[in-house]
Amino acid sequence: MSSSISGSVVQRGKLLVHIAENGHSFELECDEYSLVEEIQRCLESVSGIHLNDQLLLFLDMKLDAQRPLSFYKLPSDEGEVFLFNRGRMRTNSMPPASEQVEIVEIPDPPSPSSSHNPHPLDDALDPALKALPSYERQFRYHYQYGLAIYSRTQTKFEHCERLLREQKVQERALEIARGNLDHFYKMIHQNYTDFIKCYSQQYRSHSNLIVNFSRDIEKLKYCELLPALQTAMRKCLLDFVKEENLRKVVEDCSSSHRQFENKVLEFKQEFGELKRSAEQLFTSKASYLVRDLELAIKEHQRYVSEQKSIMQALSKDVNTVKKLVDDCVTSQLSSSLRPHDAVSALGPMYDGHDKNYLPTMQACERAISNLLDICKDKKTKMNNFVHNYMQKIAFIQYTIKDARYKFSVFTEAMKRQNDQFEYLKVVRGIGPAYRACLAEVVRRKASMKLYMGMAGQLAEKLATRREAEVRRREEFLKANSSFIPRDIFASMGLNDTPSQCDVNITPFDTNLVDIDISDIDRYAPEHLVGLLSKSEKHGSSRGSFSPSSSSHSAEIEENAIDSLEKYEKEELLDDSELIEIAGTSKLEVENAKLKAELASAIALICSFSPEVEYESLDDSKVDSLLKNAAEKTAEALHLKDEYGKHLQSMLKVKQMQCGSYEKRIQELEQRLSDQYSHGNRIPVDKNFDLSNVKTGDSKSEICGEHMDEVSCASTSLNLKLGFFPKQISKPSEGLDENMTDSSSVQNPQLDSSMLELPRDEVLDNEKDGKDTVATSYTESMTQTLNNSPAETIAERGLDSKASSDLVVELQIEVAEKSSLLSETETKLKILAEDAAKLERELEISRKLLDESQMNCAHLENCLHEAREEAQTHLCAADRRASEYSALRASAVKMRSLFERLRSCVSSGGVGGFAESLRALAHSLANSGNDKEDDGAAEFRECIRVLADKVGVLSRHRADLLDRHSKAEATQEQLKKELEVKKESFNTLFLKLQLEKQANKEKISFGRLEVHEIAAFVLNSSGHYEAINRNCPNYYLSAESVALFLDNLPNRPSYIVGLIVHIERQTVKLPPHQTSDQLAFFPATSDSGPSRLSLNSGSTSNPYGLPVGCEYFVVTVAMLPDTTIHSQPTS
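Under the UniProt record's numbering, the letters of the sequence shown match residues 1 to 1130, in that order.
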């Protein structure tokens, strides 16, 4: 197939088309301007698939019959087009027939005979010489017989490969069809997901309205209006609507809701079947058929190779015997080789042919024949699979198309449902709206009070400023009146005074209902808003929640956010202006502001619908919340275990501290007794002031030591409570080493978990902190002065009491741990049972191990054979490794060169690039040597040529920049001239339009064109001929004449009409042309492409014109306002 176009160079190529139903492939000669329809007609002739049944797919695109191939960037070398037969996709189509392969039978050669092919040595006297021609004929027969077998085998193997290629084509075609279907399925699945999401929200909202309708009616019924708002017809909120119509509306809505729910359930079932069919189709693939067949063909390739090697051996044997016979005929046998020796050597060769070579070739042929049968069976299965697969795809596509139509229907139904439930939403919104109105009344009253107060405050500020301005003017006049006359002041306008400022506000909001903030809950209780309590929200089922439609919820949330932002801005503004107003205390102002804010918050809460406030969570959100809760629970349990371990470690540390304290107390008692025995006395009045203790004094050292020891328990308690008194946080320098060590052991054990206490406990401890510390210090001072061992024992008792408390806590923890231990024992029993099961499985595994050992012995033998084969492969791998090393060295060198070129290219600027490239070329030229390979030399030469060309281009660029600047100046001048000519052209065009409008209704008497008005008169020969000046032979067509005659009783004398078509014809001799020579071509007229002419090679001569004369047949249409004159009847 070919297609051509004149006037330009056309890109031609081959288009590869695959037939999906049988895997056949065709290459079509075409060009980029060939229409897809032409391709389809050509495929119809070669494949037999009707044009209307053809479906062409390229990648994921469907080829349109009216588009050229260039629209799809075809033809291309890698472009494959797949042809699908729509007729095979119909459910009533016949399944494909079994695959048939036509093989040309190659007969075996006839048996050799000396009578048919005599030889000179047949008459020899020597039996050995006489046997040589017989061997030659037998060897030739063996070769020809083997060649026939090899040819048949080769033909069958080629058919096997062809069938494999066709199955691979069919597999690719199924991938294309599957990808096309997957694209549409994903679209319809996304539409279905969005629809179900919107429907679920609407369903919950409407269900809530229907279920809670009675409750809403009761709320409105028992909520009375304000006394000032009550009338004879309106006593409660329910009177806002007509109750008698509500029941009927609810019944209609409930019925419509159930019907729509049933329809959606049916649609869900249909889509579920569609989803299962699509997923099953996507999982079913025919790759296993192709894979198995490909492996079988690769395995049978050795039979063809074996036959080829046998044919080479047979050919060699034929040449050997022929040479012997020729030598015997020409008497050129060597002295060492006698005819008897030659015959004895040919005998084993003959036996090898007859008993080895030829049977082996026959066995190979039988194996390939069996393979061909398998290929035909696989191809038949593939054809059936493709047939069924495409039918399933067609059915799923039909179902998808039907689902798409249903989406629009369901969407429209959802809109109607929303409109139908709108009245129930009005009933639901009456209560919140009424409460919001009452809150708005309160807010406006409070805002009016603030507004009035701010106006009075503004008037006072202006009056104060006026008084200051008046005093300033009087002082100015008093200071300068002694120098300037009074009349000059008056002439200059300096005697004027500022006018009084009166702030008058027209009363507003005078008709507000007289209610206060406390009256809102009395006249409009909070339950009217419809917000569920927390218990109701968690207790109700998920289906009872009724989020409104997505657009409604989004609108409410948007309004709520805007309101919040607005109120926040007002709050900031009011806080900044919260000052006393004249006649009103600051407390009253703040009270009015708080009332306004509370009323605003109530109105804002009323604007939230319960659907938005308590919108149900999606399954994904619920799963995420449960997962987070599980993680937090596990983390809490882990922290609990860690805290228990931490308490145990702290108990051990405390025990160690207690032991160290007891030792230290004994040492201090001994030291004090020694000091008192030497007569050293401690002045008590100097050490009671804790802030005056000196670190270097030995007396203060003793006192500080005793205070630290005695107040250890209170200090540790303060540490646990999370605060540290300043007197304790600064350790004195005189502490003993043992005390310092114990404090350093104590502090690191306190982590954040022990220091974090409830806020109220911390506040109480903060209140009592100073008293506790002072008391502990005073007691320690007293204990030190008295030096009483009994008090020391009491201190140890306190420490033991604190330790006992910790022990009690640990016992509780141990009880909990014991419960956990019992659970663990239960789990251990279960694990023991599992262990017994595992032992039984282990016994079975041992038996399997014995069998495996036997298999291992067999595998070792196979491994030995594999090692020998691997040794052979290793030698080949070493050889390839050496080749790879050489290639890698060359590649590294080329990479270094390319890196230098890349750095050269990345240098900034065009001029810099040219210079760096020239430097690179010079460097490469200097570094070249004779030992480098051809690639490096070629690269260096390319860089040199590139540097020269880049240099030329850089100079050319500079020249172009200069020309560009000049061209810009010229362009500016041309723009100005163009503006002038454009204005002139617009003027002339307007004038031409006016002239065309004036000449539009005129009859043309020159050369006739389409869409002009022409007049035709009846001539003597009975034909209507056009009236014109210089262009004769324009005749009215028979169809136009018939049109006018149908509307008149008589034949008219002339006809005026609008030209719709003109045919140009030439009078020629009547004989020997056919209608196939007709060709349409554009007529060369001034009217452009709208006029068409027909060149005919053979026409009749109805108008009596001479041969070679050109005439025109004009088709006209009737004018609406034209009067047709007819001839008077004679």
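Glycine residues also receive a C-beta, built at the ideal position from the N, C-alpha and C atoms. Bear in mind that the values here come from a model prediction, so they are computed numbers and not experimental data.
Problem set entry | V952, buried or exposed, once every other Cβ within 10 Å from all chains shown has been counted against 16 | exposed
Problem set entry | Nearest candidate by alpha-carbon position, reference G935, set H1061, M894, H964, K966 | M894
Problem set entry | Cβ neighbours of I19 in the same chain (closer than 7 angstroms, five flanking residues each side left out) | S47, L83
Exercise. Taking the alpha carbon of H1011 as the point to measure from, which residue in A596, N1019, L1119, Y1024 has its own alpha carbon closest?
Worked result: L1119
For this session: Taking L1036 and Y1024 to be in contact with their CB atoms under 8 angstroms, please state how far apart those CB atoms are, rounded to whole angstroms.
Result: 4 angstroms
Problem set entry | K14: first and last residue of the uninterrupted beta strand (DSSP E) it sits in | 12–19
Exercise. Are the C-beta atoms of L978 and some chain C residue less than 7 angstroms apart?
Worked result: Given the protein chain composition of this structure (a single chain), no chain C is represented.
For this session: Within its chain, find whatever has a CB closer than 7 angstroms to the CB of V470; leave out the 5 residues flanking it on each side and keep chain order.
Result: T497, P498
Exercise. In whole angstroms, what is the alpha-carbon distance linking A886 and A877?
Worked result: 14 angstroms
Problem set entry | E941 versus S916 - alpha carbon distance | 16 angstroms
Exercise. Can you name the start and end residues of the beta strand (DSSP E) that H387 belongs to?
Worked result: Careful: H387 lies outside any beta strand (DSSP E), inside the alpha helix (DSSP H) at 358–420.
Exercise. Along the chain, where does the alpha helix (DSSP H) that runs through L55 open and close?
Worked result: First-last for L55: 54–58, but that is the beta strand (DSSP E), not the alpha helix (DSSP H).
Problem set entry | Beta-carbon spacing of Q54, P109 below 7 angstroms | no
Exercise. Considering Y523, what are the terminal residues of the alpha helix (DSSP H) in which it resides?
Worked result: 518–523
For this session: Leaving out five residues on either side along the sequence, give the residues of the same chain with a beta carbon under 6 angstroms from the beta carbon of I149.
Result: M361, E365
Exercise. From D60 to L163, what distance separates their C-alpha atoms?
Worked result: 26 angstroms
Exercise. With a cut-off of 8 angstroms, do at least 3 Cβ pairs link the stretch 60–76 to the stretch 14–31?
Worked result: yes
Exercise. Taking the alpha helix (DSSP H) that M492 falls in, what are its first and last residues?
Worked result: 486–492
Problem set entry | Exposure label - D317; buried when at least 16 CB within 10 Å | buried
For this session: Any chance you could list the beta strand (DSSP E) runs of at least 3 consecutive residues sitting entirely within the stretch 888–923, in chain order?
Result: none
For this session: Excluding the 5 residues preceding and the 5 following residue 1160 in the sequence, name in chain order all residues of the same chain whose CB lies nearer than 8 angstroms to its CB.
Result: Past the boundaries of the shown model lies residue 1160; the chain is included only from 1 to 1130, so the question cannot be answered.
Exercise. What is the residue span of the beta strand (DSSP E) that H1061 lies within?
Worked result: 1054–1066
For this session: Report the rounded CA-to-CA distance for F545 versus F267, giving the unit in angstroms.
Result: With a pLDDT of 35 at F545, under the threshold of 50, the modelled position of this residue cannot be trusted; read the value that follows with caution. Looking at the two C-alpha atoms, the distance is approximately 24 angstroms.
For this session: Determine, using beta carbons only, whether L346 and Y141 come nearer to each other than 7 angstroms.
Result: no
Exercise. From R41 to K379, what does the alpha carbon distance come to, in whole angstroms?
Worked result: 27 angstroms
Exercise. Which residue comes first and which comes last in the beta strand (DSSP E) that contains Q27?
Worked result: As written in the sequence, residue 27 is Glu, which differs from the Gln given in the question. It spans 25–31 - the beta strand (DSSP E) in which E27 sits, taken as one unbroken run.
Exercise. Do you know offhand how far M390's Cα is from E44's?
Worked result: 20 angstroms
Exercise. Relative to the alpha-carbon of E263, which residue among N370, A413, V325, S214 has its alpha-carbon at the smallest distance?
Worked result: The residue you asked about is not Glu; residue 263 is Lys in the sequence shown. For K263, the nearest C-alpha among the options comes from A413.
Exercise. When burial is assigned at 16 or more other CB atoms within 10 Å of the CB, is C606 buried or exposed?
Worked result: buried
Exercise. CB-CB under 7 angstroms to K168, same chain, minus the five flanking residues each way: which ones, in chain order?
Worked result: V290
Problem set entry | Local Cβ density within 10 Å of C30, reported as buried at 16 or more and exposed below that | buried
For this session: Report all residues from its chain with a CB closer than 6 angstroms to the CB of T1066; omit the five preceding and five following residues, and keep chain order.
Result: E1110
Exercise. Which of the three DSSP states, helix, strand or coil, is assigned to T1115?
Worked result: strand
For this session: Return the first residue and the last residue of the beta strand (DSSP E) that E526 is part of.
Result: Run containing E526: none; DSSP gives neither H nor E here.
For this session: Use the C-beta contact count for A857: other C-beta atoms within 10 angstroms, 16 or more gives buried, fewer gives exposed.
Result: exposed
Exercise. Count the other CB atoms within 10 Å of the CB of R165; is the residue buried (16 or more) or exposed (fewer)?
Worked result: exposed
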